[in-house]
Amino acid sequence: MKTSEISVGNNDYDLAVHVTTPVSAKTPVLVYLTQRGQGKIGSYVYTIGRGTETYSSILQQGEDAGVDDLATNLGRVILKRFGCPSYVCMSGCFMPYEYGELSRQVVAACNEAVA
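Per the numbering used here, the sequence shown starts with residue 2, numbered consecutively.
As structure tokens, then:
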């Protein structure tokens, strides 16, 4: 599992990514993104699919429905980028305007884990 620290705006996040290599359609990518100082598990989402069809299931609902939506969307991004299922756990307070940069950094970390 590859871990790193991300700073976006005024917030700091811890990121843990696990990618089984070689990547296949059956082995999931695991992503844990946590705001520093956050103790509780937030949204935990499983995403599967093929092509343009994706299906997500919220395994653990967070306190904020917006974080559920961001975790679901990040799962879809990972699925489409790597062609495999994903588990995404996001804990903390995530601002929608920070999501673009966070998702870019998560995908970059997944790319590094695959290489």
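Where is the CB? At the ideal position from N, CA and C, for every residue including glycine.
Item to check | Ser25, DSSP secondary structure in three states | outcome: coil
Checklist entry - What is the rounded straight-line gap between the Cα of Gly63 and the Cα of Asn11? => result 22 Å
Checklist entry - Looking only at its own chain, which residues have a Cβ that is under 7 Å from the Cβ of Tyr100, when we skip the five neighbours before and after it? => result Leu71
Checklist entry - Any idea if Gly76 is buried or exposed, counting beta-carbon neighbours within 10 angstroms, 16 or more meaning buried? => result Within a 10 Å sphere around the beta-carbon of Gly76 sit 16 or more other beta-carbons, which makes this residue buried.
Checklist entry - Can Leu60 and Val46 be called in contact, C-beta distance under 8 Å? => result yes
Checklist entry - Helix, strand or coil: which one does DSSP assign to Arg37? => result In the structure shown, Arg37 sits in coil (DSSP, three-state: anything other than H, G, I, E or B).
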